[in-house]
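Trainee:
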Amino acid sequence: MTTTQPVTEPPRSLGQAARERLGTAFGPWFLPTLAAVIIFGLMVALRPLVASPTGLNLVLAPLIPLIFAVLAQMFIIAAGDIDLGIGSFIGLANVVIAVIIPDSPVAGILFLIGMVVAYAAMGVLIAVRGLPSIVVTLGMSFVWLGVAILILPTPGGVVPEGIVSFVRFNPQVVPGVIIVLTVVTVAVALFLSRSKYGAVLRGSGSNAEGVRRAGWSVIRAKVSLYVLAAVFGLLSGLYLSGQTGGGDPYIAQSYVLLSIAGVIVGGGSFKGGEVSAVGAVAGALVVGLLGSLLQFIGVQSSFQAAAQGLVLVLVLVLRALVNWIQKVRRTL
Amino acid sequence: MSDQSPDTLVVQGVSKRFGSTLAVNDASFTVRRGELIGIAGHNGAGKSTILKVVNGTIAGDSGTVTVNGIARSADTTVAHPEKLGVRTVYQELSLCASLRVDETAAIFDHSARGLSWRSTAWHNLRTVLDEMFPGHGIRKDAKISELSIARRQMIECASTMIDSTVRPALVILDEPTSSLDAASTASFYAYLKKRAAEGVSVIITTHRLHEMIDNLSRIYVMRDGQVLSEQRAEGATKESIVTAMGLAAHESSRVAPIADSSTVTTTDARPTTASEVIVRLEQPGDDGASEVFEIRKGEIIGFAGLEGHGQLLALEAVYRASARRSGAVRAPRRTAHHAVSVTGDSAYVSGDRGVRGIFPLWDVATNISFSSLGKLTAGGLVKPKAEAALVHEWYSRLGIKGQSTDPITSLSGGTQQKALMARAMAVGSDLLLLEDPTRGVDQATKSEVYELLRGQAAEGQTIVWYSTENEELRNCDRVFVFRVGKIVATITGADATEDAVIALSFGGQDVAPIDLEGAVR
Amino acid sequence: MTNLETRPETTLSAPTTNRTAGTVALRVLKHPALPAFVGMIAIWLAIGAIAGRGLVETISAGIIIATFLVIVGIGQLFVITVGNGGIDLSVSYVMTLSAFLACQIMAGNDANIATGIIVAVIAGVVAGAVSAALIEFVGMPPLVGTLAVGFALQTITLIYSGSVVGVASPALSDFTTAQIGPFPIFGIVGIVIAVAFAVILKRTSYGRRIEAVGQKPVAASFANARPALIRASAYVLSGGMAGLAGVFLAAYSGGPSLGLGTSYQLASIAVVVLGGSLIAGGRGIISGLWAGAVLLTLLTTLANITRLSGGWQFIIQGALIVLVLALSRNPLARR
Amino acid sequence: GTDAGSTGDTGTDGVKPIKIALSNYFNGNIWRKQMEASFEATAKANPDYVSDFKVVNSDGSAPQQAQQIQSLVLEGYDAIIIDAASPTALNGAIQEACDVGVTVVVFDSLATADCAYKVAFDYETYGEVEAQFLADQLGGKGNVLFVRGIAGITVDDDIYRGATSVLSKYPDMKIVGEVYGEFTESTAQQEVAKILPSLPQVDGVLTEGNDGGGTLDAFLQAGTSPLPVIIQGNSGQGLEGWVKVAQENPDYKTMSISSQPSISSTALWLSWMLINDQNDASTLPDKTVYAPLLIIPEENRDAWADALDYTQIAENPTTLEQAQSYVKSAIDGDPVLQDEPLPPTS
Ligand SMILES: Nc1ncnc2c1ncn2[C@@H]1O[C@H](COP(=O)(O)OP(=O)(O)OP(=O)(O)O)[C@@H](O)[C@H]1O
Ligand SMILES: Nc1ncnc2c1ncn2[C@@H]1O[C@H](COP(=O)(O)OP(=O)(O)OP(=O)(O)O)[C@@H](O)[C@H]1O
Ligand SMILES: [Mg+2]
Ligand SMILES: [Mg+2]
């Protein structure tokens, strides 16, 4: 037995190495981004106006709150959990911004901070008691909705002008939505994939025990992820408030399923830790733009729900297929 | 670090009990600065447990642990052992599948900070990797989930040796080489020796005894939680270590003797070649022609070999190939190494009772009757009286203690195992498949189990018995010894001594176990 | 072997329990369904106390209406109990579609009751089979797989309901509301169904397999059960039960409507949890589910008679679910 | 509705047909489905007025509806009519549509954006009318059960406010219970059935639409006698139930009231008027037109009950002339019209 024998595994063929390199260069974010670009391209082809600065703003602005919601959900899914309450949470944020903030900004901001703390506490409860996140967040969704209705029994309120103009900020040179989209995507992507704690957070979702053994606090990681989710929920609520100018407890109910779909389409997996910020934003664009595209093509309104569901199924079937092919190829 | 003490680690009188299992029993040993030592012992001897007490992951019950001259009571845990210079590679891998290699490095390397945290961590890790495993072929941007088990193990091993904020003083490696090939293993030990010369102390557990003898300075042998002997590696041989491990077995066999071998192999109406073939295993031989191994009705066949060499895979293939009704035949089942065909139905006893055995929410009775429900139902309903009668019968036959209405988790480990035996035996299937069924079972009960199995065989039940305790293979009619997935020898139960089995499983030279079981679990 | 005789503590004679009053009381106190029953009775009595009348009629009405929830809930319970993150979000859509199908077939005619019910149940079974295929063969998470099926059913219902309108058969309608003295027939049927499924879950080999697979699929697979098949069967069962609940609900309200099943999607999950079943699978408590359904049904009534605002109603419902979950003992946690 | 407005011979000289889209928040109940159908029928039957039309549906999602509106703008529609997800959620999107010159008409469930024209039901009047009827029937005295819609939405709030303002004038009329029927017959039935045993004798029931039939069934099943005055909500189920009750007890009196799905056609016609500068529509005070509620008195009951399917809701199609008269009434400040009470004959 000699120590000079160098090769521990059979050398890889050039093609194999190239494929591996491609696989890493085009991570899970690649397919959804491609899909978003294709959908957007189709929309431009059908209605060239979409590509104009006004068009971009019209098409993309309503997606900004959804993108924040998807990012919020992404943090929860990164923790290996699922959040069925994010829609009501965003609705509550919207109501607080439209009703409490105009009267008393301090009370409003304290309330919003309280909401973040509540989310952190929920994360701790789920982590420490080993509770199923689906049911806990489902129960909490009723609580958020109830509190919102108590604050604002019927939709109304007036969002402060400052918030409205901040959200609708649109320098003519570059469409405002493009600025927000870029800043948010880059910031989250940098934090999640290029910061050390981001790596710890992703690691804690996939193998909490391993991360704990490496000397990190798993509870703190869980809390961080829930706090991040809450903060992005608040941002989603902020943008919804600015865009609509008023408060509505029910406003974001549909975000629950859309946000989960966005993360999954964006290359995320329920296994935890497997998320990508760029992918999630692309996933949000896909699920958000899909409705518009179906509308441009002229799909009947009754079919739109099924069409969206079908796309989700197709994406997952496709991914299952890809995984299966890879597995078969590996065993051959 | 405190240089006043020549000993990096002193363990004194540590004990640790898990419920009814005394995993570590008054263990003491010492590791000197810059020394490589090994801990050998059978499965469940307590190796992993004592190491976890040493690094402070779990609290022991009594004793003291002194690291670098700083003593602590063993019943405390340590939140950050890495800050004391204690690094560990655990038996179960602790890497995060979703991270890249350089990110993984950074999670271990607390010195990698700032903007260039990834490149710093990767640089630190690669420096070790390149030397520890030349030609490792690991790229920094590969995802852990895409790496082979061997490469993951390389990353874990290397990560313990990086010079982070606190330099490593004591490195604990729990079966670090279990999936490395010979060349990697060699370079790995070479690296360890180099670091030892710099003053790093290393503790290694491994079931590859020659590795210890060739590379370490001293070897402690554990059995049943006790540190029984200490050997200098220079003078040690595989036989001497096995004897140290086996010595205990001989002692215990004096306490509760295994039925003497004459009973096992020669008496009773043992099956002749005339009786019906129940299991047929076919494997390609060296010369290309296929070799066939047949198991006949009423035989007790042992599957032996080193852990991870395909015995378990073959046993499971027999289970999957068996039919759902007595006497029925199913299409043969192919594994990587065998084509398996079975006549008749089977019942399976798993030794990994936590994962593959008990239903923890149920009481003992429901656990026992589960596999026999087919014959306990009338009009689709389970007949309570018949169920109670069956449970009662097997309570008596196996001498199970306690109430059948208690939750199964309230039983001691050995008793749980008996309940699982009862579940499988109560089926009355053509085949009884045993996966290390006496794991955690005491000697007296073991003898009862052996007796019972011989009774079953005499009644015509065929038994296939995978065991990691080579001693008990002497209860078999024949033993199939596995190596690298294939059956390499067939010996009679009488010849199945510990030494014989070990010699055959090593085949004269060492082989890395292949990752066969991993694929099934 | 002589070891048996030499063991003094061996108790060969008594593997069964001594049912003394004390042990029975202990068993009741530790029973996971207890909180649901206590809560149900407390809410019932509270309604009676506040209203000062109609104690018997309140529980009787509550039991009738809870029966729809009990029927869907049983299907949901099987799906949850079979484990692997099992959850069926398609039940509400199945209910609505089945209601339309059954009413079209019944068309107000008593002769068609059986056909109507069978078709509705079959529709549910087919939906459940599709979910099962997506989950077990494609490997989708149950949450996503059943929701996708739900979306498809929603669209089918929207389009289909535009072309046909049916009315439930009067006899079936009467059946859901008739009473013998103070006893509501349909409520009794609900109890019978619950008992039947409790028997199936606890006293048949199929039910035992459901719980076994939910506890430890690997262990079950080594004890001659086939986890994928057992799990698939739970989705099929859930679809069928939702179909049945849909027909009954349509009959109760005379005919179908588009929003018929909506409120049952989350309520069916909530009652399973309230009843003491484990959301992680392995333990299903049908008695608790029944009590949980009556509890949840009466809870809104309590809120209504106290004239509690809509906001508080939501808060109390949500907090109750989280609280029950947080307080419930996880029998596996201590290991 | 079928032949709505095809007779309108206001002439098409100098006016152009419009390209119009309907954005609907939710099509999961029968009222909304009929509403979409009315729009499509009117648009299809009047190619001289409508050159192109489309219906989009955001499946219960307010933000998605906002996005759909913006996509419709890009698609170049002249007019977008909107049954809004919420009073506030779409205001941004509507404002942007107005900014690029699209005519926006919100109807039924309104959005508050200033630039949008509104076709409204006067839901407060809804509540006032039914409460007044009840008070008159009961002689200003009795116990009332209120079957409300959905907690936290404006329609529920308006009807409730209108009704309670009337009841407050009658100190002897008391609301003894409230349930949320969610504008769904089966839910109303369940909630009423549950609360009945704990209520004292109920003399009258106020409802909010598509919930009277279920409520009636609940009382019948409970065997309540005498049956309270249950205001019906124009559903086929409710009217049939009322017919049956009246057959057994000719003295039983009640009424039926609800909004009409054909309001979508009014919104269509208003868009046409606005774009073609007809009928001074642009001078509407508060930019608001009121669409009539449909009240079905006892004498019309049987005709409507015959005309409706079990799950249908009563409505009359809206012709251009009718729409024009609503606009005129609104400009003149006349009270809200009550629709022609008989079902269409075809
Ligand atoms: N967390 C635990 N709870 C209960 N029992 C445990 C636990 N960990 C270990 N044991 C028991 O303690 C004993 C010693 O286990 P340990 O893992 O230390 O053995 P080992 O010598 O490392 O064996 P192997 O060679 O198989 O790794 C075994 O009987 C095991 O079942
Ligand atoms: N948590 C518990 N609840 C109820 N009974 C228990 C519990 N733990 C142990 N027992 C009972 O106490 C008795 C002694 O248990 P113990 O675990 O010490 O047995 P043991 O001698 O170690 O057996 P074995 O060698 O088979 O492991 C057993 O009958 C067991 O059923
Ligand atoms: Mg023990
Ligand atoms: Mg070990």
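Residue numbers (this note's numbering), protein chains in the order written: chain C, 32 to 363; chain G, 788 to 1308; chain U, 66 to 400; chain D, 2 to 347. Built from N, CA and C at the ideal position, the CB exists for glycine as well. Computed from a predicted structure; not experimentally measured.
At 9 Å on the CB atoms, spell out the chain C contacts of serine 881/G, in chain order.
Mentor: The answer, in chain order, is Asn238, Glu240, Gly241, Val242, Arg243, Arg244, Ala245.
Trainee: How would you list, in chain order, the residues of chain U whose beta-carbon sits under 7 Å from the beta-carbon of valine 180/D?
Mentor: Chain U residues near valine 180/D: Asn369.
Trainee: Given this structure, state the Cα-to-Cα distance separating alanine 213/U from serine 119/C, to the nearest angstrom.
Mentor: Taking the straight line from one Cα to the other gives about 22 Å.
Trainee: Mind checking which residues open and close the alpha helix (DSSP H) that includes glycine 268/C?
Mentor: Unbroken alpha helix (DSSP H) run through glycine 268/C: 249 to 275.
Trainee: Thinking proline 18/D and valine 57/D are a contact (beta carbons under 8 Å), I'd like their distance in whole angstroms, please.
Mentor: Actually they do not touch by this definition, with Cβ atoms about 20 Å apart.
Trainee: Among the candidates Val105/D, Gln71/D, Arg302/D, Leu343/D, whose CA atom is the shortest distance from the CA of leucine 271/D?
Mentor: Nearest option by C-alpha distance: Val105/D.
Trainee: From the beta carbon of valine 126/C, is the nearest beta carbon of chain G less than 8 Å away?
Mentor: It does not: the Cβ of valine 126/C has no partner Cβ on chain G nearer than 8 Å.
Trainee: Do asparagine 855/G and threonine 795/G have their C-beta atoms closer together than 8 Å?
Mentor: A contact, by the Cβ cut-off of 8 Å.
Trainee: Mind listing the chain U neighbours of alanine 336/C? Cutoff is C-beta to C-beta under 7 Å, in chain order.
Mentor: Here the neighbours are Phe216, Gln219, Thr220.
Trainee: Based on DSSP bridge pairs, tell me the residues matched to lysine 267/U.
Mentor: Answer is none; lysine 267/U lacks a bridge partner.
Trainee: Would you report the Cα separation of isoleucine 108/U and valine 389/U, rounded to the nearest angstrom?
Mentor: Roughly 15 Å between the two C-alpha positions.
Trainee: Going by DSSP, what residues sit across from glycine 828/G in a beta bridge?
Mentor: DSSP output for glycine 828/G lists Met1009/G as bridge partner(s).
Trainee: Any beta carbon from chain U within less than 8 Å of valine 344/C's own beta carbon?
Mentor: Answer yes: the Cβ-Cβ gap between valine 344/C and chain U drops below 8 Å somewhere.
Trainee: So, proline 1194/G versus glutamine 280/U, is the Cβ gap smaller than 8 Å?
Mentor: For proline 1194/G and glutamine 280/U, no; Cβs fall outside 8 Å.
Trainee: Inspect the beta-carbon positions of lysine 1084/G and threonine 1249/G and report whether they are closer than 8 Å.
Mentor: Cβ atoms of lysine 1084/G and threonine 1249/G: closer than 8 Å.
Trainee: Determine, using beta-carbon pairs with one atom in the stretch 204 to 211 of chain C and one in the stretch 86 to 102 of chain C, whether at least three such pairs fall under 8 Å.
Mentor: Flag = yes, the stretch 204 to 211 of chain C and the stretch 86 to 102 of chain C touch.
Trainee: Taking Cβ positions only, does glycine 843/G come closer than 8 Å to chain U?
Mentor: Glycine 843/G does not count as touching chain U.
Trainee: According to DSSP, is aspartate 173/D part of a helix, a strand, or is it coil?
Mentor: In the structure shown, aspartate 173/D sits in coil (DSSP, three-state: anything other than H, G, I, E or B).
Trainee: List the whole-angstrom C-beta distance separating glycine 214/D from glycine 182/D, where the pair is believed to meet the contact cut-off of C-beta under 8 Å.
Mentor: The Cβ separation is near 11 Å, so there is no contact.
Trainee: Taking 8 Å as the cut-off, decide whether the C-beta atoms of isoleucine 1278/G and arginine 1265/G are in contact.
Mentor: Their beta carbons are under 8 Å apart, which means isoleucine 1278/G touches arginine 1265/G by this criterion.
Trainee: For the stretch 348 to 364 of chain U, enumerate the residues whose C-beta is nearer than 9 Å to any C-beta of chain C, in chain order.
Mentor: Per Cβ criterion, the list is empty.
Trainee: Report the option in Gly986/G, Ala1023/G, Gln1013/G, Asp1011/G whose CA atom is closest to the CA atom of glutamate 998/G.
Mentor: Of Gly986/G, Ala1023/G, Gln1013/G, Asp1011/G, the residue nearest in Cα terms is Ala1023/G.
Trainee: Chain C partners of alanine 391/U, CB-CB under 7 Å?
Mentor: By Cβ distance, chain C contributes Leu156, Arg160, Leu162.
Trainee: Just reading off the alpha helix (DSSP H) that glutamate 97/D is part of, what are its end residues?
Mentor: Counting along the chain, the alpha helix (DSSP H) containing glutamate 97/D begins and ends at 92 to 100.
Trainee: Tell me the residue span of the alpha helix (DSSP H) that contains leucine 385/U.
Mentor: Leucine 385/U -> alpha helix (DSSP H) spans 375 to 392.
Trainee: Go ahead and pull the three-state DSSP assignment for threonine 1277/G.
Mentor: Residue state, collapsed to three classes: strand.
Trainee: Would you say lysine 227/C reaches chain G, if we count a Cβ-Cβ gap shorter than 8 Å as a contact?
Mentor: Cβ-Cβ to chain G under 8 Å: yes for lysine 227/C.
Trainee: Have a look at the DSSP bridge pairing and note the partners of leucine 796/G.
Mentor: Val818/G, Val854/G, per the DSSP bridge assignment.
Trainee: Can you tell me whether isoleucine 959/G is buried or exposed? The criterion is at least 16 other CB atoms within 10 Å of its CB, across all chains shown.
Mentor: Buried is the call here.
Trainee: Measuring CA to CA, which of Ile129/U, Thr180/U, Tyr317/U, Ser333/U is closest to methionine 306/U?
Mentor: Here the closest residue by C-alpha is Ser333/U.
Trainee: Enumerated in chain order, which unbroken segments of the alpha helix (DSSP H) with a length of 4 residues or greater are wholly contained in the stretch 848 to 928 of chain G?
Mentor: For the stretch 848 to 928 of chain G, whole alpha helix (DSSP H) runs of length 4 or above, ordered along the chain, are 888 to 895, 904 to 919.
Trainee: Output needed in chain order: residues of the stretch 68 to 99 of chain D with a Cβ under 9 Å from some Cβ in chain U.
Mentor: Residues: none.
Trainee: Do the stretch 335 to 350 of chain C and the stretch 814 to 825 of chain G meet, that is, are 3 or more Cβ pairs less than 8 Å apart?
Mentor: These segments do not touch.
Trainee: Would you mind working out which of Ala1213/G, Ala1244/G, Gly828/G sits nearest glutamate 1013/G, comparing C-alpha positions?
Mentor: In the sequence as presented, glutamate is not what sits at residue 1013/G; that position holds glutamine. Measuring from the Cα of glutamine 1013/G, the nearest candidate turns out to be Gly828/G.
Trainee: If we count the other Cβ atoms within 10 Å of its Cβ and call it buried at 16 or more, is arginine 118/U buried or exposed?
Mentor: Result: exposed.
Trainee: Can you name, in chain order, every residue of its own chain whose Cβ lies under 7 Å from the Cβ of valine 231/C, other than the five neighbours on each side?
Mentor: Only Val242, Trp247, Ala252 meet the Cβ criterion.
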